[in-house]
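A.B. asks: Please find one structure pasted underneath; my questions will follow.
2 protein chains.
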Amino acid sequence: MSKTKLDSIDRKLLDLLQVDAERQVADLAADVGLSATQCWRRVQRLKEAGVITRQVALVDRAKVNVAVTVFVAVRTNTHTEQWFNRFRATVEAIPEVVEFYRMSGDVDYLLRVVVPDIAAYDQVYKRLIAGTQLFDVSSSFAMEELKFTTALPLSYLP
Amino acid sequence: MSKTKLDSIDRKLLDLLQVDAERQVADLAADVGLSATQCWRRVQRLKEAGVITRQVALVDRAKVNVAVTVFVAVRTNTHTEQWFNRFRATVEAIPEVVEFYRMSGDVDYLLRVVVPDIAAYDQVYKRLIAGTQLFDVSSSFAMEELKFTTALPLSYLP
DNA sequence: TCTGAAATAGACCTCGG
DNA sequence: CCGAGGTCTATTTCAGA
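Chains as they are written, first to last, in my numbering: chain A, 1 to 158; chain B, 159 to 316.
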């Protein structure tokens, strides 16, 4: 893996592609002031370097009936590797869990879960605690999603 | 907007496209057992119905130097609409904030922020509290991202 | 060596059956 | 509803700087 140096044109391309990956090469080229060929090569390099990992379709949460977001803060008192592996496997097998972090501080793990309603959340909750022994689980419901973007800020480029 | 009924083939298509939107129609068609034309029509309909909202490029967090994730829990004691509008505008203008929810319970708002390091987070923090009067701000750092997916679970389809 | 224009290949999308 | 062909786009090649 080479030292990926990204200049301002790469940055512009990423900015555009993070918002809409369907744009045509010629179109992008015009926006960044490059020939189509050159632009195509840039995008190719960004993919090969692993800067762009992949391209995905985003789906409307309400339209697939998972409008409810729940954050689940988990604390444990069993800090063994065995416990962790089991917990991790449990969580990864639950498709309703879309994010899963190991945290510093008070809470040990934080999960973001998407479900249709509270009843469905209860099912997920049961699956979670069935897998492993948890010390404390605290669920917070999101009332409204005010911002959600997959576009990362590009002001800190290497 | 028509009542979007999604059958098991739509579900399969969404499942595939949520993971990789670059797959070719003929390829998808083979996987779901449809003719290319029919498959193309399905995907088209999913887009027109707004089930698929758009297609984006996902970028490697480490490669663009925002490897650190911070969750910011915000509490306020100024529950006016004017305050909210100001806060919302402040938050939306900060590209480091990638998620922003209004919560029930103890915490009023939850933000997910991505930055290169703690110093950079401090800058974001300052921008946050500069915009509006906040009662309490509590930051938790993620040590490790164990799971992150943009793919929603499709077991609750309408 | 690098650029960009033009050829090629291949996928999308439309249309007739 | 299906497949075949026309059209458009990505990709490669190649001549020139």
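Backbone N, C-alpha and C fix where the C-beta goes; we use that ideal spot for every residue, glycine too.
Tell me A:Arg88's beta-bridge partners as DSSP assigns them.
C.D. replies: DSSP lists no partner for A:Arg88.
A.B. asks: Mind checking the stretch 132 to 150 of chain A against chain B and listing, in chain order, the residues whose C-beta falls within less than 8 Å of any C-beta there?
C.D. replies: Residues Ser140, Phe141, Ala142, Met143, Glu144, Glu145, Leu146, Lys147, Phe148, Thr149 and Thr150.
A.B. asks: Just curious, the alpha helix (DSSP H) that B:Glu206 is in, first and last residue?
C.D. replies: Taken as a continuous stretch (DSSP letters only), the alpha helix (DSSP H) holding B:Glu206 covers Ala194 to Glu206.
A.B. asks: For the stretch 199 to 229 of chain B, which residues have a CB atom closer than 8 Å to at least one CB atom of chain A, in sequence order?
C.D. replies: Result list: Ala207, Gly208, Val209, Ile210, Thr211, Arg212, Gln213, Val214, Ala215, Leu216, Val217, Asp218, Arg219, Lys221, Val222, Asn223, Val224, Thr227 and Phe229.
A.B. asks: Below 8 Å on the Cβ atoms is my guess for A:Val91 versus A:Leu110; work out the distance and round it to an integer in Å.
C.D. replies: 11 Å between Cβ atoms; not a contact.
A.B. asks: Alpha carbon to alpha carbon, how far is A:Arg11 from B:Asp189?
C.D. replies: In a straight line, the C-alpha of A:Arg11 is about 36 Å away from that of B:Asp189.
A.B. asks: Give a yes or no on whether 8 Å exceeds the smallest Cβ distance from A:Gln18 to chain B.
C.D. replies: For A:Gln18, the answer is yes, since a Cβ of chain B falls inside 8 Å of its Cβ.
A.B. asks: Can you give me the start and stop residues for the alpha helix (DSSP H) that A:Ile118 sits inside?
C.D. replies: Where A:Ile118 is concerned, the enclosing alpha helix (DSSP H) stretches over Ile118 to Gly131.
A.B. asks: Mind reading off the beta-carbon distance from B:Ile252 to B:Val282? Whole number of angstroms is fine, and I expect it under 8 Å.
C.D. replies: That pair is a contact at about 6 Å.
A.B. asks: Buried or exposed, going by whether 16 or more other CB atoms sit within 10 Å of the CB of B:Gln176?
C.D. replies: Answer is buried; the Cβ neighbour count reaches 16.
A.B. asks: Less than 8 Å separating the beta-carbons of B:Leu204 and B:Leu186?
C.D. replies: The answer is no: Cβ separation not under 8 Å.
A.B. asks: Give the secondary structure of A:Ser2 by DSSP, where H, G and I count as helix, E and B as strand, and everything else as coil.
C.D. replies: Confidence is the limiting factor: at A:Ser2 the pLDDT is only 46, short of 50, which leaves the residue's position unreliable, though a coordinate-based value still follows. In the structure shown, A:Ser2 sits in coil (DSSP, three-state: anything other than H, G, I, E or B).
A.B. asks: Output, in sequence order along the chain, the residues in the stretch 1 to 15 of chain A whose CB is closer than 7 Å to any CB in chain B.
C.D. replies: So the list reads Thr4 and Leu14, given in the order they occur along the chain.
A.B. asks: Show which residues of chain A have a CB atom less than 8 Å away from the CB atom of B:Arg246.
C.D. replies: Within 8 Å Cβ-Cβ: Leu146.
A.B. asks: Exposed or buried, which one is B:Met159 when buried takes at least 16 other CB atoms within 10 Å?
C.D. replies: Confidence at B:Met159 is low in this model, with a pLDDT of 47, below 50, so its placement is unreliable and the value that follows should be read with caution. With fewer than 16 other Cβ atoms within 10 Å, it is exposed.
A.B. asks: Suppose the cutoff is 6 Å on Cβ atoms and the five residues either side in sequence are ignored; what does the same chain contact list for A:Val25 look like?
C.D. replies: Excluding positions up to five away in sequence, the list reads Ala36, Cys39 and Trp40.
A.B. asks: Please state if the CB of B:Phe293 and the CB of B:Thr234 are separated by a distance shorter than 8 Å.
C.D. replies: Yes, the Cβ-Cβ distance between B:Thr234 and B:Phe293 is below 8 Å.
A.B. asks: Leaving out the 5 sequence neighbours to the left and right, which residues in its chain are closer than 6 Å to B:Ala228 when beta-carbon positions are compared?
C.D. replies: A small correction: the amino acid at residue 228 of chain B is Val; Ala does not occupy that position in the sequence shown. Here the set comprises Val271, Tyr279, Ser297 and Phe299.
A.B. asks: Please name the residues in the stretch 256 to 275 of chain B whose beta-carbon is closer than 7 Å to at least one beta-carbon of chain A, in chain order.
C.D. replies: Within the stretch 256 to 275 of chain B, the qualifying residues are Val256, Glu257, Phe258, Tyr259, Arg260, Met261, Ser262, Gly263, Val265, Leu268, Val272 and Pro274.
A.B. asks: Excluding the 5 residues flanking A:Thr132 on each side, which residues of the same chain have their C-beta closer than 7 Å to its C-beta?
C.D. replies: Closer than 7 Å at Cβ, skipping near neighbours: Trp83, Arg86, Phe87 and Thr90.
A.B. asks: Measure from the C-beta of B:Leu310 to each C-beta in chain A and report whether the shortest distance is under 8 Å.
C.D. replies: Answer yes: the Cβ-Cβ gap between B:Leu310 and chain A drops below 8 Å somewhere.
A.B. asks: How about B:Glu180 and A:Phe148: are their beta carbons less than 8 Å apart?
C.D. replies: In this structure, A:Phe148 does not lie closer than 8 Å to B:Glu180 by Cβ.
A.B. asks: Indicate the three-state DSSP secondary structure (helix, strand or coil) for A:Glu145 in the structure shown.
C.D. replies: Strand, per DSSP.
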